[in-house]
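For the protein sequence lines, the chains are A and B, in the order given. Counting from 1, one number per residue, gives the positions in the first sequence under our numbering. Counting from 665, one number per residue, gives the positions in the second sequence under our numbering. Cβ atoms here follow ideal geometry from the backbone N, Cα and C, with glycine treated the same way. Predicted model only: the values in this text are computed from it and were never measured. The structure under discussion appears below in the form of structure tokens.
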Amino acid sequence: MDPDRRVPTIHPLRTGMLLAAACCMASPWPAAAEHELPLTEDLFLAEMPVVLSVTRLAQPAADAPASSTVIDRAMIEASGARELVDLLRLVPGFQTGRVSGNQFVTTYHGLGDAYARRMQVLVDGRSVYIPSFGGVPWTDLPLAMEDIQRIEVIRGPNAATYGSNAFSGVISITTRHSAETHGEFLQATAGSNDIGDLFYRHGGSRGDLDYRISLGYRQDAGVGERQDDWRTRQLNLRGDYRLSDHDVLQAQFGFLQGPRGRGTPGERGNLPRDAKVHSHFQQLRWERSIEPGEDLSVQLFHTYVDTNEGFLGGPYFGHYLPLDFDVRTERWELELQHTLSPADDLRLVWGGSARLDSADSTSYLGTDAGRENEIYRLFGNAEWRMSEALLMNLGGMVEHNGITGTDFAPRLAFNYRPAAGHTLRTSVSTATRTPSMFEAFGNQHFCIESLGLCEQTILSSGQLDAERITAYELGYNLELADLRTMVDIRLFREELNDVIGMYFAETGLPPWLDVVEPGAWDFVNDDDILLTGIETQLDYRPVRHSGLRLAYSYTRVEADDHREKYSRSVPRHTASLFLFHRLRSDLRASLLYSFTSGMTWLGDGSTVEPAHRLDLRLAKPWRSGGVRGELELVLQNVLGEYHDFVYQNSFAPQAYLQLSLQMD
Amino acid sequence: MDAQTTRQRCHSKDAKQASTHGCGCILLLLVGLLFHIQAHAVDVPRILVLTEVADGVYGQTLEGLEQVLAALPEESRPRIVVRELSKLQALPDTNGYDLLVTLGSDMAARLMISPPDASLLCLLIPRLTFRHLVSQLPEPARERVSAIYLDQPFARTLHLLQSAFPEARDIAVPLGPSSALEKAELEAAASSHGLRLRLAQIREDENPLRAILGLLDDSDVVLALPDPVVYNQYSVQGILLATYRREIPVIGFSRAYVRAGAIAAVYTTPLQVGRQAGHLIRDAFTMTPPRLPPPRPPDEYEIAVNRQVTRSLGIILPDDADLLGQVRRMDTVRERRP
């Protein structure tokens, strides 16, 4: 800020801004004789650098090659959700299940068991599904709801951009930038079901660095009478550093730890115990903006999830066995991505990644050594504006991994805009799902050492191919400007091939190693499933804090059900209604209703009847001095109990009160 | 170019003085001829336009001015002399001109140090700057000075805000040392439109972003009012990124700001200012002595909308023509009210 910038110049468009010299509060204006006027025509007429360039902006829904659902910060707050998975009820076609009070599962178009694994889930670009079982440990992610900026869900396969696990869809979670969370923030929650949470966040800046630290403690008593109460302590650190005008560096660290109640009294192989979870991640991301329209990013991350659940099981033949379901998983990944615009009507994104997945579980993989998988991926997408009205997206991914070799997944989409506000979208998109470590290397046996007897329960022969999905989609996106409304309709036909399921097979083991029931569960690609249906989403958003979101999905399934009851696991209808409003007095009120048809959860799940759920929230913010506070009351599931995931789980109504204080 | 509208660059002398040169019959003839021309010229208003440069935005203003005046019949068309004046050059002799026009704030400031006898019309100057300069003048001199401001009246900007976001109620307005001077007028305009303002006062050495972030949580829209302490090359990027991440639209004050990432703005081009000045001058010279009307905001304006940002934020706005029409209608209604 050099006050001497005013140099006599003939150049008419002085791009420098004039700054007041020696400006003090008493006389904000310098003497006219100095000719140093703070406010001149320059501010109105000079150019400004483009800040929100095309590459920085999130792609508008109408131009995207797939249907997507966005849940922004205002909606996250208005929902009163305490768990991230509860927000996914807003997405048409999604089902959320509570396997227990501390294990959640979410799946798109059914086909889900306790480890629903056909979704790519990213937090700030970091893939968080665990390599061992392929599912997402929602409760073990070091991620605070208060730190989430936005959730974007892409419905349909999208391997071309997000890799092979982007099979049914992609959930992309973005946390808030450090510059957004300055000051001190404190939040306390108390409620029924032993709900007790405490959250503290501190954010600030030093020169070109913005940082924040978040600390959280959460607990509740779980679902119904199950032994599934849990506690979590977590810590998150984030720093955003501006290396230069063109470079930013983002570093994150997260840590989470706590006991989770598991097991069922009376089940000798699954007796009640406290599973101890340790989970942490580190992430480094460098972004460079080479010029408007050209960006480069390099990301390196490491995630680690370790679950210790040991207990004394039995009695088996009068013996008690030390059993454990310990699993330790790790992932390292390095990814590079380059975005460029070689011509006005062409935008290219391409990149590659190298990943190392490892899982260590004597009880599930049968070996102390652990298992590893190396995955190499190359991807690219070209967005070509063929004409004013027609946009084409052509992309694909090539992946090589140690379990299934090389897989290729292309995608082609056209967006046609015959008139302003109307976009027709048609696409063919494919993806593959690499079998999880458990599916590829599963080896579970229990031995009574003193008797020299073993029972083999799971033995994977390892001859597995990747699952494949091909999705055909016809979509229509309508923008009604005067009504501030957007409607999105999607007709889909999803063909799933080589779906992996379990079957009881001969093991070829000598009888003393397979003593109780000869044979063990093996994995095989043996099912084909066809999903067809129509999904629609309506958004009415006159202002940020008030709006209406309606979502509905109708899905039909055709499957031979060789290995699992796939045809029963897809609910015919899912619907949700979300109404949120900020009243004149600043009071905020919202209502979230969701409905899922009867369905069968696979694996450890069971058939559950149609479920309705209604959540209500009332919040009142206030300001006094430099403090902004908010008191909110949330009532969850007011319509009464419903059975979730398995008939023994009944999710009862609960309520909590939350107080938040923000000091800048 | 029309013979009556002459542009003379820095070094030419005054035509009146030229008439005293020459000798003999030729001189008499010349004198006679020149007196003849002068006799006409005496009836035609003479305008001196002072600007630092005659190119770019200043050139466009001149163009607008000349366009309007060229449409006048020859006999009554004012004669315009344009002088480019760098900071180091002294002011020329302003005697003999009926009207002085300055382009730019600096030029206006220079002239107002020792105000001339002729009337002065300032163009391409912000409202606050002009008012401040005039406040330093002695009373009699103030009546001779007028301007066409570059910035829009608050009501018009609020009309754009309401046309784009009819449900918006809480408006975040970061104020700097300059824009804070008009706080009372802004609050009056906002309350008459049923809007609630959330203000932040930003001091000169403060990082504007911190103060602005504190406003964002409860606001529907950010209204950017021109102030170089708040919006400058160091702060604009941070402000646009922060508001974009919070998904809060920004109403800007210039077309450049919209291109940078603000959602929409009402602005007046230099050409439009020039045209309005032309009409103003034409009307002023229907009276003798020429009377300039009081200083006023621009009449003509345009709207810029950043469609990429609106679509990226999922904000659905009517198209540019509709928005402009709505603002115009609201403006007219406003004017009719007493």
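Taking the beta carbon of ALA431 of chain A as reference, no residue of chain B falls within 8 Å; the closest one sits roughly 26 Å away.
Excluding residues up to 5 positions away in sequence, PRO841 and VAL893 lie with their Cβ nearer than 7 Å to the Cβ of GLU868 of chain B in the same chain. Straight-line measurement puts the Cα of PRO38 of chain A at about 28 Å from the Cα of ASN970 of chain B.
A straight line joining the alpha-carbon of ILE76 of chain A with that of ALA926 of chain B spans about 25 Å. Using a Cβ-Cβ cut-off of 7 Å, ASP72 of chain A is close to GLU911 of chain B, given in chain order. Rounded to whole angstroms, the separation of the alpha carbons of PHE167 of chain A and ASN525 of chain A is 16 Å. Nearest CB-CB separation between PHE253 of chain A and chain B: not below the 9 Å threshold. Annotation: the continuous alpha helix (DSSP H) that includes PHE818 of chain B extends over 818-828.
Along the region 976-990 of chain B, going in chain order, the ones with a CB nearer than 9 Å to a CB of chain A are SER976, LEU977, GLY978, ILE979, ILE980, LEU981, PRO982, ASP983 and ASP986.
Membership of ASP86 of chain A in the alpha helix (DSSP H) is indicated by the continuous run 84-87. In summary, the residues of the region 787-816 of chain B whose CB is separated from some CB of chain A by less than 8 Å are LEU788, ILE789, PRO790, LEU792, THR793, HIS796, LEU797, GLN800, LEU814 and ASP815, in the order they occur in the chain. For GLN990 of chain B, the closest of B:ILE967, B:ARG808, B:VAL745 and B:ALA852 by C-alpha to C-alpha distance is B:ILE967. Exposure of PRO804 of chain B is indicated by the presence of fewer than 16 other C-beta atoms within 10 angstroms of its C-beta. Contact annotation: SER918 of chain B and LEU391 of chain A have beta-carbon atoms that are not nearer than 9 Å. With fewer than 16 other CB atoms across the displayed protein chains lying within 10 angstroms of its CB, GLU641 of chain A is exposed. Identification of chain B residues near PRO92 of chain A by a Cβ-Cβ cut-off of 9 Å yields none; the smallest Cβ-Cβ distance measures about 16 Å. Assigned with DSSP and collapsed to three states, GLN59 of chain A falls in coil, not helix or strand.
For a cut-off of 8 Å, the C-beta gap from ARG613 of chain A to LEU591 of chain A is around 11 Å, too long to register as a contact. With the rule of 3 Cβ pairs closer than 8 Å, the region 330-348 of chain A counts as touching the region 294-310 of chain A. For TYR316 of chain A, the three-state secondary structure derived from DSSP is strand. Rounded to the nearest whole angstrom, the CA to CA distance from ASP194 of chain A to TYR129 of chain A is 29 Å. Sixteen is the threshold: when 16 or more other Cβ atoms of the shown chains lie within 10 Å of the Cβ of TRP601 of chain A, as they do, the residue is buried.
Looking at A:ALA551, A:LEU459 and A:ASN270, the one whose alpha-carbon comes closest to that of ASP326 of chain A is A:ASN270. Where TYR162 of chain A is concerned, the enclosing alpha helix (DSSP H) starts and stops at 159-162.
Each of B:ALA836, B:ARG946 and B:PRO961 was checked against the Cα of PRO954 of chain B, and the nearest Cα belongs to B:ARG946. With a contact defined as Cβ atoms closer than 8 Å, MET776 of chain B and GLU716 of chain B miss out at about 15 Å. Fewer than three pairs of CB atoms, one per stretch, sit closer than 8 Å, so the region 406-417 of chain A makes no contact with the region 182-197 of chain A.
With fewer than 16 other Cβ atoms from the protein chains shown falling within 10 Å of its own Cβ, GLY508 of chain A counts as exposed.
At the C-beta level, THR555 of chain A and THR536 of chain A stay beyond 9 Å of one another.
Taking C-alpha positions only, ASP561 of chain A is separated from GLY135 of chain A by approximately 22 Å. DSSP places PRO511 of chain A in the helix class (H, G or I) of the three-state scheme.
Assigned with DSSP and collapsed to three states, PHE949 of chain B falls in coil, not helix or strand. Judged by DSSP in its simplified three-state form, ASP147 of chain A adopts helix.
With a cutoff of 9 Å on beta-carbon distance, ILE173 of chain A and ARG73 of chain A are scored as not near each other. Inter-residue distance for LYS620 of chain A and ASP884 of chain B is about 17 Å (C-alpha atoms, whole angstroms). Looking from the CA of PHE446 of chain A, the closest CA among A:THR434, A:VAL543 and A:GLY366 belongs to A:GLY366.
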